[in-house]
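Residues are numbered in our numbering as their position in the sequence shown, beginning at 1, plus a constant of 20.
Glycine residues also receive a C-beta, built at the ideal position from the N, C-alpha and C atoms.
Single-structure report; data block below.
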Amino acid sequence: NNNDDIDESKIVQAYIKAVYAPVHKFDIPFLMISCYYPQLLMWLSSLQQSVHNFRFKMLQTETMLRDPKQSMLALVCWVLSDEQQCRNAQHILSGRVAKL
Numbered sequence: 021n022n023n024d025d026i027d028e029s030k031i032v033q034a035y036i037k038a039v040y041a042p043v044h045k046f047d048i049p050f051l052m053i054s055c056y057y058p059q060l061l062m063w064l065s066s067l068q069q070s071v072h073n074f075r076f077k078m079l080q081t082e083t084m085l086r087d088p089k090q091s092m093l094a095l096v097c098w099v100l101s102d103e104q105q106c107r108n109a110q111h112i113l114s115g116r117v118a119k120l
């Protein structure tokens, strides 16, 4: 699920319009205040423009639950941002998982 069909800029604009420009405070669509995805996209959009080397990662529950070990490794590698350290982490994680 790479969500290539989602136009994130449209979600950000819809969130900003829904939350910051309602006629009445009860006009805010429930989806915009009950789902974190639009809020996270808005922060991502804002921070990427103002913070140098800003990195942001969203994790999908479905993906994490489908393959937790691989998801954790991918997250560790993303945090480390170094190919050699990623290989070391993969070796360590696979060794520890095998012993459990």
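In terms of residue numbering, what span does the alpha helix (DSSP H) encompassing residue 68 cover? It spans 56-70 - the alpha helix (DSSP H) in which residue 68 sits, taken as one unbroken run.
Please list, in chain order, all residues of the same chain as residue 100 whose beta carbon is under 6 Å from its beta carbon, the five residues on each side excluded. 106, listed in sequence order.
Which whole-angstrom value is the C-beta distance of residue 113 and residue 92, which I expect to be below 8 Å? Contact flag correct, Cβ pair sits at about 7 Å.
Distance, residue 95 Cα to residue 83 Cα: In this structure, the CA atom of residue 83 is about 12 Å from the CA atom of residue 95.
CB contact flag (residue 40, residue 59, <8 Å): If you check the CB distance, residue 40 and residue 59 do not come in under 8 Å.
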